[in-house]
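Numbering (the working numbering), first residue to last: 569 to 635.
Beta carbons are placed, not taken as given, at the ideal position from N, Cα and C, and that holds for glycine.
Below is one structure, written out as structure tokens, with a few remarks after it.
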């Protein structure tokens, strides 16, 4: 089983990949499908915000579990 720190790093890597992929797709569709591009950028921002919240609160959750 992954330790908390390893799991956090894995989570960050996966979310970063997802956000980057959404941004690339948004850029690729900006000219031909502007509404889709805007939607993809919005999703990217939402995933990034969720990830940031998770990472910021992660130490607090881990310390509560261990304490």
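- On the three-state DSSP scale, how would you describe residue 600? As a position in the chain shown, residue 600 is number 32, starting the count at 1. It is coil, neither helix nor strand.
- Task: State yes or no: is the C-beta of residue 622 nearer than 7 Å to some heavy atom of the ligand NAD?
- Result: By its list of ligands, the structure shown contains no ligand whatsoever, and the ligand NAD lies outside what it can speak to.
- Return the Cβ separation of residue 609 and residue 596 in integer angstroms, given the expectation that the two are a contact with Cβ distance under 8 Å. Counted from its first residue, the chain shown places residue 609 at position 41. Counted from its first residue, the chain shown places residue 596 at position 28. Taking 8 Å as the upper bound for CB-CB distance, residue 609 and residue 596 are not in contact here, some 12 Å apart.
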